[in-house]
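Heads up: the sequence lines are chains A and B, in that order. The UniProt record's numbering numbers the first residue of the first sequence as 1 and each following residue consecutively. The UniProt record's numbering numbers the first residue of the second sequence as 1 and each following residue consecutively. Down below is the structure, laid out as C-alpha cells.
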Amino acid sequence: MAYQLQYQAASNFKQSNSSSVIPSSAGGTTTTTRPMANGEDVRLKVNHVKSKKVEGTLYMMSERMGWMPKHKGDITLSFDYCDIKSQRISSDEKSKIRLQIVCYNETMTTFHFCNPNGLDAQKKDRDDVSELLKLLLPKFRSMMDQALEIKTKILNENKTVYQLYKDLVISGLVPADDFWNKYVDFDKLTESTKKQDTGVSGAFLSNIRPESGDNGGIIYKLNTDTVMSIFRTYPAIREKYEQNVHTRKMTEADFWRTFFQSHYFTMDRLNPSHSRDIFNDCVKRDDEKMLHEAERASRKAMAVIAPETNETSEIGYGVNEHAEDTSGKNDLNKNLIKRFNFHSTMILKSTLGTEVNNESSAASRAEPPEEDDDDDDVSKRFKPDDDLEDLRTEQPDENQALKLVNPERYLRAPTTDRSQKTFTAQVPTNLKGFKQEMSNWNANTELSLNSHLAHRIVKDLTPGGALMHGTTAQTLSQIVPQTIQEEMQTIYISLSELLRHFWSSFPPSSPAIEEKIHRVHETIERFRDTQVNAFKEKVSTDLLTDFHLAGHMEDLIDIANKKYQQWTKTSGSTGRV
Amino acid sequence: MKLNIDGLLVYMPYDFIYPEQYKYMQELKRGLDHKGHCVLEMPSGTGKTITLLSLIIAYMRRYPDQYNKLIYCSRTVPEIEKVMSEMKRLIAYYEKETREKQKFIGIAMSSRKNLCIHPEVSQLRLGKEVDSACMNLTASYVREQAKEDRSVKTCSYYEQYDKNGREESIPYGVYNLEDMKMYGKVKHWCPYFLTRYILTHANVIVYSYHYLLDPKIAEIISKELPKTSIIVFDEAHNIDNVCIDSMSITLTRKILERAHANIDSLKLIVQDNKQKDANRLKNEYENLVKGLREQAIQRETDVILTNPILPEHVLQENIPGNIRQAEHFLIFIKRFLEYMKTRMNIQHVVKESPPSFLKDLQVRVCIERKPLRFCSERLRSLLRTLETKDIHLYQPLMLLCNFATIISTYTKGFTLIIEPFFDSKSTVYNPVLHFTCLDSSIAIKPVFDRFQSVIITSGNRFSKSSYLCMIDHFNFYLGTLSPIDMYPKILSFTPAIMESFTMTLTRPCILPMIVTRGNDQIAITSKFELREDQAVIRNYGILLIEMCTHVPDGIVCFFTSYTYMEHVVATWYELGIIGQVQKHKLLFIETPDSVETSLALYNYQKACDNGRGAVLLSVARGKVSEGVDFDNHLGRCVIMFGIPYVYTQSRILQARLDYLRENFHIRENDFLTFDAMRHAAQCVGRVLRGKSDYGIMIFADKRFVRSDKRQKIPKWIQEYLSDSLANLSIEECVQIVKKWLKDMAQPLRQEDQLGISLLSEEHLLSNELLQNLEQNSADV
C-alpha cells in the first residue's frame, strides 16, 4: 500500500544576526498546514519581487521562504525549505531576471526580480536569494532525508503504528506532524538505529600473512585497517609510533619491522632482552596495567572464583596436595597464555573503551563511575541467581487488564439502574458478614477430601464428564480461526483510536474541536462502511455467524453516533443562538 | 501459591511450581515425618533452595514441638545471601497471605570479616587478621584491664552490645549480613556477637558448613543448638572435602621452626608471670586438677556438640599430671617438637599408620599416648591463662598440638606420609609431612548422631552413587554393590529417604555428544601415550574452530590439567589454530593464578555480554570448574578435551585408594574412573542453569564411548545421549550442532511449558498429572 509522508524538519538552526521580525500570518497557498510561528528570524529581505505580475517582498527565513504582496500584511506564498526540490534561475541572456522554485509535489512558482535600480541590482538580488538557497537546501535535505528514513523504518517495522498511521493520517484525521509528535515514541522505536562502532577483529594480527620475499626474506603487508586496529588495541604502540616515527627517529618501515620482531606480534617469544627493542618498557607497563585491572576485577569476582577461601583456611590445615604441577617447567607457554589473555583484554577494551571515553573524555584518570555499576553487574552475573523468573506469571507488557464489574455498563452509556437501588442498603451488612466469615476461614487441609475422590467428582462434573453430557467445552478462541482473530484485532485498534479521538473532544470548547468532531464522525462512518461492514460480511459467510463478532464494534459505533446526533441537536439549538 | 503436600499446607511465593519441586517436597515431608536423615538430589536451576525453605518452614509452623529450628548450611557467602533473599521473599509472602507479622527470625552468620563494623578492624583484608584484631579489643582480660587503665583500647560496639544487647530482643524478620550490619550500626552494637547471641533463639540460621563440621569452630559457634533442629547441607557435593580438610594437617619445616619460636616466647612469658603473678598459674593448675569434669557434665546434658577431637572417654579423665604445670607442659611439647624435627629429616618417603608412629614415639622419646591426647586442650588453657595477645601468632604451635591430639586419638582412618620434597617435580629438599584423614565420616559423625534430621542435598547432578560419595570419598556405590548393603556397613548414618530427581524439560535443552575422531578419522583422546601427538592436538583444535564458527556467544573448554593445556595452546599457536579461533571469538585462558583468572573470567563475561563472543579455556578440577556457572549466553557450548583423571602418582591418593581397597573392596580403577567422570560431569553441567537455558556438551575423547564411562555420565545427560550421538567425527558433530542451534533459537513460551515442566495450582488438583508424576519418579 502506498502512503504519503508529510514531514516537518525539526530545526535548531538559528541565525544570531537577524534583525527584523515579521508578524505571524495565516498562510495562503502554503504547502503545509503548520500554523505560523509567532516570530521568525528573517535572514534576507528582497523588495521588488513580482509573483504572477504582482509586486511584493520576498522574505528568506530560517526555515522557509515567503512572499508578501505589496501593501498587504500577509504572506501569501510560503515554502518550507524542506519541501523545495530545486531552484532554477533564468539564463543571463534573458531580459527578465527570474528564479523558479520547484517543489516535491511538482508545483512550480516563479519570482521575477524587478529592482528599479536596473539589471545589475536585479541580478544581485536574485543571486543573493539563490546563494542563500544553495546554502540552506542541502542542509534541510539531509535533515529531511534522515527524518524521512527513520519514519519510514518505523512504519515498516511496527505494524500497529503503520495501521494507526493509515487510519489517522491518511484519512486526514490527524495532521502528520501531530501524529509523529503525539503518537510515536521516537526514542523507543529508534533505539536500534543509533550508530554503532565497529570493533576490532580478534585475529587482526594473525591475518597479517607473511609472504616470502625475493631474496629469502619475509614480507609482511600492512594496510591502514590493520594499523588502525593495532593502534586501537595497543595504545602503547601508538605512543611509541608517535614518539619514534613522528619525531623522525626511525622510519615507518623500521618501526614496523621492530614491531614484527616484538612479542606483540610473535607471541611465543620470551621477553625481549636486547636493549635495542623499543617496546621493552611496554612489557612492564602492560603487566602493571593488567595487574591493576585484575585487582579491580578480582575484588568483585573473587567471591565466585575462590569460594573456599574463608575463615578456616589457616596454614597447615587441610590436604595440601600438589598433585598438579602448577609451577610448570615451561615459562614460554605460560607467557604465551598470558599474552593471549592480554591481547583479548585489550581488544575488548578498545571496543568498550570508546563509550567511556566519549562520556568523560576530558575527565581525570580516576575510574569512570559508569564502570563501577558494570562491575556490580558482573558479580551478580556469576552469583547464583536468586530469582526464579520461570515460576512467575508472565506479565503482559504495557497492557492493563480491564476489570469489569458490570459489562453492560461498560458497553452502554453509564445509566443509573433503578433495580439495584433496593440492594444498596444491605451491602454494608452483607460485606461485614463476608469479611467476618473470611477472617475466620482457615484452610483445613487434613479434613479436605482426598484428592483422588475430589478429582473424580470434578471430572464427572466437567464438560465431557459422566454427568455433563451435551455441553461443549470449546471456547471461542478455539473456534475462530487465527486470521480472523488477527484481522479483528487490527480493526479494533484502529476503531478504538478513532473513538478515543471522538470521545476526547467532548465537551467541545472551541470551534476547532467542533470541527474535529464533525471530521472524526465522518471518518468513523466511513470506517464503518469500509472496514467493519466488510469484516461483518466476511464473518457472516462462515460458520461464525452465531457469534456476532462484529456486534460489539457496531455497538460502539452506534453509541458514538447517538452521542453525535445528540450533540448536533443541542449545538444546533443552543450553540447558534 | 498454596500447596497441599500430604495434608501439610505449604506456602510458596511463586505462581508456578516445577514438577520436580513438588516431588521433592513430598519426599522431604516423608523424611521429616520419619524423623530421619535424607539424601536428596535435584539439578540446580530448579529452585531447590526455595523448595526446601517453603516446606521446612511450613512444617515447623505446623509441628513446632517436633522441630523448632532450621540450620541451613551452605558453601559461600554469595550462596548464603541467595538463601536469605529467598527466605525474605517467602516470609513476605506469608505476611501478605496471612496479613499478620510473622513471629519469625531468620539470620545469616558469617565470620568477623564479613560482619565487623569497627572502623579500623573492618578495613583489614584477611579473615584471621580481623579475628585477631577483634580479640585484641574484646577478649575478657583486655576488658578487665581497660577498666583500670584508660589507655587500653576496646571496641565500643562490643561494649555497647555487652551492656544492652542481650536484654532487648531483635524485631522479627529476616536479616542477611548487610541487614545485620545496618542494625548494628543503628544500635551501635557489634553485629558479630549479636548474631552469635541471636543464634540461640532464631528460627532459621544460615551459615557456612564449617561452623558445624570443622571441630575447631563448631565448638564455639554451634554448641548450643537444640537437638530438635533440622540440618540442611546444601550444595553438599564438596562436603566430604570439607570433612577431610578439617581433620587433615600438613606440617613443613617452616611451621616447625615457627612452633619452636612460639614455645620459646611462651617460656619467657611463663617465667615472667611466675615472678609477677604466681597465683595465676597456680589457679590454672588447680582448675586442671579439677579437670575436664565440667565439660563432661555438660555433655551429659547434651548441651555441647560433640567435639570429635575430644572423644567421650577423654573427658572422663583428668589432664595427666605430667603436663599440668605450665613449664612441664612446655618442656613436654618441646620434646615432641624435637622428635618431629628428627622425623622430618629424611631422604626417602615414609608412610606410616598412627599406631606405629605412636609406638616409635614411645620407644624413642618416651612420650606416651595419653598426655599427647590432651595437648590442644592444655595449650588452649595455657594461652587463656597467660592472657596472650595476638593469638594468631601462635597458630603454628596450635597446629602442632592439634596434630598431637588427633594422631593419638584416632588409630583408624588416618595416614601419615612424610616426603622429602614438597611436590613431586621439585628437586629442592623440603620435607613435608601429610597427616591425612581418609575417612570423612569422622568429622560428620557427631552431626548425624546429634540431630534428628539431617538433609543433604545438592544441585550437582550426580547419579545416586555419587551421593554416597559425597558423604565420603570411599563410601560410594559402584555397579556391583548395592547401596542398601553398603550404607549400614560404611556410613555412620542411615538415611530415611534417598531420592534423586531429574529435570523435566519441554525441549531438548542439552545436546550431549561424544566426538571420537577427527575428519581424518584419527581417534582423539587424551590417553597418556597419545596426548602429545600432533594429530590429536590438531584435531582438538579443528573441533574448537568449528564450534567457534557455528556456536554463538560463549564457549567453555576444559582440559585435563594445566600442563596439558599449556602444551596444547603452544602447539595450537604454532599450527595457526589460535589465529583462526580469534577470527570468531576472543580467547581467554585460565591460569593457576587466581587474580589473573578472575580478570580473564571478568573479561570473558563482558565479551559475551556485548555480543563479541568468547572462548574460555580452563582446567577440570580448577577454580573455574568448581565455582562458576555459565548460564545462558555465557556458555552455549562446553567442550571436554579428554577424560580428567586425577593425578595418580600422588601418595595421598594412593593411601586413599589403599584404604578403599582394604576396607571396602573397591577396585582402584573403578574409583579413578568414577572420580574422573564425576568431574567431567561437573564441568559439563556448568552450562545449564535452569529450564530456559540451553547448551551443547561435547565429550571429546574416544574412551567416553566405552560403557564403563558412558554409564557414569549423569542420568539427566544420558537421557539425551542417544547412540546416534555417541560416536561422531567432527564433521558429523558440526552438522548436528547447526541444526540443533536453529531449533533452540526459537522463543520458549510459558504456555508450552505449562503442564509439562511447569505446574500451576490447577495442575496440582488434577489427579492424572500427579499420577504421571508418581510414575515418572518410579521409573527414575
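Here a beta-carbon is modelled for each residue, glycine too, at the ideal position from N, C-alpha and C.
In summary, no residue of the region 499-523 of chain A has a CB separated from any CB of chain B by less than 7 Å.
Assigned with DSSP and collapsed to three states, A:E211 falls in strand.
Contact of A:I337 with chain B is assigned, a C-beta pair being separated by under 9 Å. Secondary structure of B:C509 (DSSP, three-state): coil. The beta carbons of B:L725 and B:I524 sit no closer together than 9 Å. Look at A:I237: its C-beta is not under 9 Å from any C-beta on chain B. Shown here for B:C190: same chain residues with a beta carbon closer than 6 Å to its own, the five before and five after excluded, namely Y157, Y158 and Y161 in chain order. If only uninterrupted alpha helix (DSSP H) runs of at least 4 residues are considered, those enclosed by the region 497-570 of chain A are 511-527, 533-541 and 551-570.
Of the residues A:K85, A:S91 and A:E93, the one whose Cα lies closest to the Cα of A:N105 is A:K85. For B:T591, the C-beta contacts it makes with chain A under 8 Å involve K334, I337, K338 and N341, in order along the chain. A residue is called buried once 16 or more other Cβ atoms fall within 10 Å of its Cβ, and B:Q682 is buried on that count. When the alpha-carbon of B:K412 is set against those of B:Q649, B:P354 and B:Y207, the nearest one is in B:P354. With a 10 Å radius around the Cβ and a threshold of 16 neighbouring Cβ atoms, B:Y22 comes out buried. For the options B:A259, B:I217 and B:A326, the alpha carbon positioned closest to that of B:N279 is the one of B:A326. For the region 278-293 of chain A, the beta-carbon criterion of a distance under 8 Å to any beta-carbon of chain B is satisfied by M290, L291 and E293.
Look at A:L222: its C-beta is not under 9 Å from any C-beta on chain B. With a threshold of 9 Å between beta carbons, A:L155 makes no contact with chain B.
Annotation: B:I323 to B:L397 spans about 16 Å, alpha carbon to alpha carbon.
Looking at the DSSP output, B:Y175 shares a beta bridge with B:I107. Contact of B:F588 with chain A by beta-carbon distance below 9 Å involves F340, N341, S344 and T345.
Counting other Cβ atoms within 10 Å of its Cβ, A:I219 stays below 16 and is therefore classed as exposed.
Under the Cβ criterion (8 Å, minimum of three pairs), the region 588-608 of chain B does not count as touching the region 655-665 of chain B.
As summarised for the region 119-182 of chain B, the continuous alpha helix (DSSP H) elements at least 4 residues long and confined to that stretch are 127-138, 140-148 and 156-160, given in chain order. The beta carbon of A:S130 sits closer than 8 Å to the beta carbons of Q87, I89 and L99 from its chain, once the five residues preceding and following it are set aside; these are given in chain order. Residues L634 of the same chain have their beta carbon placed closer than 8 Å to that of B:Q605, with the five preceding and five following residues left out of the count. Here the region 106-122 of chain B lies against the region 192-201 of chain B, with 3 or more beta-carbon pairs under 8 Å apart.
Between the C-alpha atoms of B:I406 and B:I50 there is a straight-line separation of about 39 Å. By the rule that beta-carbons nearer than 9 Å mark a contact, B:G642 does not touch chain A. At a cut-off of 9 Å, the C-beta of A:A560 has no neighbouring C-beta in chain B.
Non-local beta-carbon contacts of A:Q122 in its own chain, meaning distances under 6 Å to residues more than five positions away in sequence, involve I97, F113 and N115 in chain order. The C-beta distance from B:R686 to B:F630 rounds to 5 Å, short enough to fall under 8 Å.
Per DSSP, reduced to three states, the secondary structure at B:K69 is strand. The beta carbon of A:I347 sits closer than 7 Å to the beta carbons of V200, G202 and T233 from its chain, once the five residues preceding and following it are set aside; these are given in chain order. Non-local C-beta neighbours of B:R710 in its own chain, meaning closer than 8 Å and more than five positions away in sequence, comprise I514, F704, Q718, L721 and A726, ordered along the chain. The DSSP-derived three-state label of A:F265 is coil. Spanning the alpha carbons of A:Y492 and A:T523 requires a straight line of approximately 15 Å.
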